[in-house]
Amino acid sequence: MARRTKDEAVRTRDAILDAAERVFYKHGVARTSLEEIAQAAKVTRGAVYWHFRDKIALCEAMMNRIFLPQEDVLERLAASESDTPLEDLKSACCHSLHMMASDKRRKRVVSIIMLRCEYVDEMAPMMKRRRACKDRMLERTERLFKQAQKVGHLSPHWSPHHAAIGLQAMIGGLINSALEGRKDFDLATTAPACIEAFFHSLSTPTRKSR
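For the sequence shown, the numbering used here gives the first residue as 58, with consecutive numbering after it.
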């Protein structure tokens, strides 16, 4: 019975998160109430509050479903002391953008965070949460570029910090272009080409010639 109750709680929580994604995507975060999410999930408002204390907690849980796995990948790469950090990071970036292009949930949640959330009033703490996420990913990425510098693979024209900032800015720009629905932009094909060119500029001349 306890196992069944736990499974039911997990299913209810997932149903609430799924409903939140749909309603936030359609109406935006600021214009959506927890009551509307409860109706979309076909649960009571009390059930929503049982799992999430407020809209911010709900948004954080929604973000964690897509961003925590990505952060974990970068953490494992940064801690691996690999001999090919640039190649490893490039592959991780390409995989992440491929997931964005093929995973409707990931694309929907990122669209909510970047285009459908007003970071004012009650949602202001979400901006702090979003910045903290970006800072962690920047720190992990910079550690990988430091590894590349250590093994002689990073071009002397780039510092690890500037390379990390440049990569983050490029990835953000590619994602934003995809979310805007530009007809001349295909995330599945354009993004990998941009990443390849960027990492080519990061490599030392010796590495480029191989």
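All C-beta atoms in this analysis are idealised placements derived from N, C-alpha and C, irrespective of residue type, glycine included.
Note down the Cα distance separating residue i from residue j, rounded to an integer number of angstroms.
{"i": "Asp64", "j": "Val177", "result": "36 angstroms"}
{"i": "Lys203", "j": "Phe124", "result": "23 angstroms"}
{"i": "Pro249", "j": "Val67", "result": "36 angstroms"}
{"i": "Val100", "j": "Ala72", "result": "9 angstroms"}
{"i": "Ala104", "j": "Gln96", "result": "11 angstroms"}
{"i": "Ala98", "j": "Val80", "result": "10 angstroms"}
{"i": "Ala181", "j": "Thr261", "result": "42 angstroms"}
{"i": "Leu195", "j": "Gln225", "result": "7 angstroms"}
{"i": "Ser137", "j": "Gly223", "result": "23 angstroms"}
{"i": "Leu154", "j": "Gly229", "result": "10 angstroms"}
{"i": "Thr247", "j": "Ser234", "result": "11 angstroms"}
Could you give the DSSP three-state label for residue i: helix, strand or coil?
{"i": "Ser148", "result": "helix"}
{"i": "Asn260", "result": "For the record, residue 260 in the displayed sequence is Ser; it is not Asn. Residue state, collapsed to three classes: strand."}
I'd like to check one pair, residue j with residue i: are the Cβ atoms closer than 8 angstroms?
{"i": "Arg110", "j": "Leu74", "result": "no"}
{"i": "Arg102", "j": "Glu117", "result": "no"}
{"i": "Ala245", "j": "Ala158", "result": "yes"}
{"i": "Leu201", "j": "Leu134", "result": "yes"}
{"i": "Glu132", "j": "Arg197", "result": "yes"}
{"i": "Lys112", "j": "Glu179", "result": "yes"}
Near residue i, which residues of its chain fall below 6 angstroms by C-beta distance, leaving aside the five closest residues on each side in sequence?
{"i": "Asp106", "result": "The sequence given here places Tyr at residue 106; Asp does not occur at that position. Closer than 6 angstroms at Cβ, skipping near neighbours: no residue."}
{"i": "Arg70", "result": "His108"}
{"i": "Arg165", "result": "Glu78 and Tyr82"}
{"i": "Ser168", "result": "Leu236"}
{"i": "Met156", "result": "Arg163"}
Take residue i and list the residues in its own chain whose beta-carbon comes closer than 7 angstroms to its own, dropping the five residues that flank it on each side.
{"i": "Leu259", "result": "Leu143, Leu211, Ser212, Trp215 and Ala220"}
{"i": "Arg186", "result": "Glu117"}
{"i": "Ala205", "result": "Pro142, Leu143 and Leu211"}
{"i": "Met119", "result": "Leu74, Ala77, Glu78 and Val166"}
{"i": "Glu256", "result": "One point to set straight first is that residue 256 is Phe, not Glu, in the sequence displayed. Hits under 7 angstroms: Leu143 and Lys147."}
Using a Cβ-Cβ cutoff of less than 8 angstroms, which residues in the same chain neighbour residue i once the five nearest sequence positions on both sides are dropped?
{"i": "Thr141", "result": "His210"}
{"i": "Cys251", "result": "Met227 and Leu231"}
{"i": "Glu253", "result": "Lys147"}
{"i": "Val208", "result": "Asp140 and Pro142"}
{"i": "Arg193", "result": "Glu128"}
Is the segment 75-90 in contact with the segment 170-185, if contact means three or more CB pairs nearer than 8 angstroms?
yes
May I ask you to verify whether the segment 235-245 touches the segment 125-140, counting CB pairs closer than 8 angstroms and requiring at least 3?
no
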